[in-house]
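Enquirer: Here's a structure for you.
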Amino acid sequence: MTNLTMLITEGKGKRLYATDNPDEAIVSYRDETFAYHGLKRGRIIGKGEINNLICEYIFTLLTQKGVPNHFIRRLDNRCSLVKRVEIVPVVVKVRNIVAGSLAKRIGYPDGTRLKNTVVEYCLKDSELDDPLVNLTHITAMDIATAEEIQRMEELSLRVNDIVGECMREISIELIDFKLEFGRYKGAILLADEVSPDTCRFWDARTHEPLDIDRFRHDLGDVEEAYREVLHRLTGNVLKQSE
Numbered sequence: 197m198t199n200l201t202m203l204i205t206e207g208k209g210k211r212l213y214a215t216d217n218p219d220e221a222i223v224s225y226r227d228e229t230f231a232y233h234g235l236k237r238g239r240i241i242g243k244g245e246i247n248n249l250i251c252e253y254i255f256t257l258l259t260q261k262g263v264p265n266h267f268i269r270r271l272d273n274r275c276s277l278v279k280r281v282e283i284v285p286v287v288v289k290v291r292n293i294v295a296g297s298l299a300k301r302i303g304y305p306d307g308t309r310l311k312n313t314v315v316e317y318c319l320k321d322s323e324l325d326d327p328l329v330n331l332t333h334i335t336a337m338d339i340a341t342a343e344e345i346q347r348m349e350e351l352s353l354r355v356n357d358i359v360g361e362c363m364r365e366i367s368i369e370l371i372d373f374k375l376e377f378g379r380y381k382g383a384i385l386l387a388d389e390v391s392p393d394t395c396r397f398w399d400a401r402t403h404e405p406l407d408i409d410r411f412r413h414d415l416g417d418v419e420e421a422y423r424e425v426l427h428r429l430t431g432n433v434l435k436q437s438e
């Protein structure tokens with residue numbers, strides 16, 4: 197059993213704990229679920245364990261492909277050891293196909309394939325509903341340097357290529373996703389998670405969502421959708437918690 201005593205911070209889907217090593221931390225994935233900036237809340241049984249295993253698979257793949265990230269190793273079904281980074285308070289959103297808020301903003305129907313990949317930046321501030329910002333906002337607020345943002349975008353597009361190809365091989369479309377990055381010993385690393393909580397995954401044949409949208413829109417079978425992503429990635433069918 198992983199020792200979790202020194203809580204650093206708590207987010208929507210995870211808790212972060214300190215370790216005896218100041219350069220490392222433990223991330224514990226939760227079953228609690230939030231949507232619409234916390235206005236909708238619920239619990240997806242087993243989600244934390246599933247997301248932990250999915251993140252282990254994807255972060256390991258990204259490491260093999262040369263994308264620097266915070267993942268060190270999985271500790272148990274729910275917890276992983278990670279590098280303790282200083283999170284840059286900018287969320288990078290990468291969009292391949294129109295869905296969600298983008299559909300409302302540009303008037304295109306969900307499912308419209310974009311001529312090119314769209315990259316957006318959002319200020320990581322839940323009290324402000326994570327507003328869209330651009331590079332000049334970010335540098336004017338002294339949140340990050342232009343060079344750091346360029347590096348974050350470069351890595352985000354690389355993640356899009358790698359994860360997109362991985363998902364195509366298992367008949368899943370990578371619609372869009374959001375990423376967070378952190379500073380670690382002078383370098384920018386991919387942090388947070390890459391999972392059905394942070395990505396839109398659609399079945400390539402039926403176009404049914406296999407992600408948090410099933411919870412957002414009351415589509416049902418949320419746990420089954422998460423488990424399906426894990427099963428296609430790893431062949432691992434994680435038994436539902438009692």
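Adding 196 to a residue's 1-based position in the sequence shown gives its number in our numbering. Note that the Cβ used here is the ideal one computed from N, Cα and C, for glycine as well.
Suppose the cutoff is 8 Å on Cβ atoms and the five residues either side in sequence are ignored; what does the same chain contact list for Glu438 look like?
Expert: Any reading at Glu438 needs caution, since the residue's pLDDT is 35, under 50, leaving its predicted position unreliable; the model's value is listed next. Taken in chain order, the list of residues that qualify is empty.
Enquirer: Which residue marks the beginning of the alpha helix (DSSP H) containing Tyr253, and which one marks its end?
Expert: 243 to 260 is the span of the alpha helix (DSSP H), which, as asked, contains Tyr253.
Enquirer: Name the DSSP bridge partner or partners of Arg364?
Expert: BP columns for Arg364 are empty, so no partner.
Enquirer: Rounded to whole angstroms, what's the CA-CA distance from Gly296 to Asp219? Just pull it up for me.
Expert: Rounded to whole angstroms, Gly296 to Asp219 spans 37 Å at the Cα level.
Enquirer: Assess contact between the region 367 to 376 and the region 390 to 400, defined as three or more Cβ pairs (one per stretch) separated by less than 8 Å. Is contact present?
Expert: Touching, per the Cβ criterion.
Enquirer: Quick check on this structure: which residue in Asp227, Lys210, Ile254 has the alpha carbon closest to the alpha carbon of Ile358?
Expert: Closest option to Ile358, Cα to Cα, is Ile254.
Enquirer: Based on DSSP bridge pairs, tell me the residues matched to Gly238.
Expert: Paired residues: Thr229.
Enquirer: What are the complete beta strand (DSSP E) segments, minimum 3 residues, inside the region 307 to 336?
Expert: The qualifying runs are 309 to 319.
Enquirer: Give every residue of the same chain whose Cβ lies closer than 6 Å to the Cβ of Arg410, excluding the five residues on either side of it in the sequence, and list them in chain order.
Expert: Result list for Arg410: Val418, Ala421, in chain order.
Enquirer: Mark Lys243 as exposed unless 16 or more other C-beta atoms lie within 10 angstroms of its C-beta, in which case mark it buried.
Expert: So Lys243 counts as buried.
Enquirer: Helix, strand or coil for Leu353? Go by DSSP, reduced to three states.
Expert: Here Leu353 sits in helix by DSSP.
Enquirer: Is the distance from the Cβ of Val355 to the Cβ of Tyr317 below 8 Å?
Expert: Against a cut-off of 8 Å, the Cβ pair of Tyr317 and Val355 comes out as no contact.
Enquirer: Exposed or buried, which one is Asp216 when buried takes at least 16 other CB atoms within 10 Å?
Expert: So Asp216 counts as exposed.
Enquirer: Give me the Cα-Cα distance between His266 and Pro305, rounded to the nearest whole angstrom.
Expert: Spanning the two alpha carbons is a distance of roughly 36 Å.
Enquirer: Count the other CB atoms within 10 Å of the CB of Gln436; is the residue buried (16 or more) or exposed (fewer)?
Expert: Residue confidence is low: Gln436 scores 48 on pLDDT, short of 50, so the model does not pin down where it sits. Its coordinate-derived value is still stated next. By the 10 Å Cβ count, Gln436 comes out exposed.
Enquirer: To the nearest angstrom, how far is it from the Cα of Tyr213 to the Cα of Gly303?
Expert: Taking the straight line from one Cα to the other gives about 42 Å.
Enquirer: Let me confirm a value: Ile204 is counted as buried when at least 16 other C-beta atoms fall within 10 Å, else exposed. Which label applies?
Expert: Label assigned to Ile204: exposed.
Enquirer: State buried or exposed for Glu323, treating a residue as buried only when at least 16 other CB atoms are found within 10 Å of its CB.
Expert: Result: exposed.
Enquirer: Using 10 angstroms around the beta-carbon of Ala342, count the other beta-carbons present and answer buried if the total reaches 16, otherwise exposed.
Expert: Answer is exposed; the Cβ neighbour count stays below 16.
Enquirer: Just to confirm the assignment, what range does the alpha helix (DSSP H) spanning Ile339 have?
Expert: Element bounds for Ile339: n/a, residue is neither H nor E.
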